[in-house]
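Chemist:
Numbering (this note's numbering), first residue to last: 4 to 64.
1) Taking all protein chains shown into account, decide if residue 31 is buried (16 or more other Cβ within 10 angstroms of its Cβ) or exposed.
2) What residue range is occupied by the uninterrupted alpha helix (DSSP H) comprising residue 15?
3) Over what stretch of residues does the alpha helix (DSSP H) that includes residue 42 continue unbroken?
4) Could you spell out the range, first to last residue, of the beta strand (DSSP E) harbouring residue 24?
5) With respect to the beta strand (DSSP E) encompassing residue 10, which residues constitute its N-terminal and C-terminal limits?
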């Protein structure tokens, strides 16, 4: 962490069909987090939703 905030501010969140949310990982850039979401979505399981969020606020992917 730096004086200006967290070094890894982008989160990947998995939400299941029951609305339960789990943090998958933290990343330095939104682009990096979106690449992870792309790989995770590739399995085609539509019972899970992967979301990119910035710490302290949402930025849906």
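The beta-carbon is built from N, C-alpha and C at its ideal position, and this holds for glycine as well.
Modeler: In terms of the structure at hand:
1) Against the chain shown, residue 31 aligns to sequence position 28. Result: exposed.
2) The count along the chain shown starts at 1 and reaches residue 15 at position 12. Unbroken run through residue 15 is the beta strand (DSSP E), 13 to 18; no alpha helix (DSSP H).
3) Translated into the one-based positions of the chain shown, residue 42 becomes position 39. Residues 33 to 44.
4) Stepping through the chain shown from its first residue, residue 24 is reached at position 21. 24 to 30 is the extent of the beta strand (DSSP E) around residue 24.
5) Sequence index remark: in the chain shown, residue 10 carries index 7 (1-based). No beta strand (DSSP E) holds residue 10; DSSP gives it neither H nor E.
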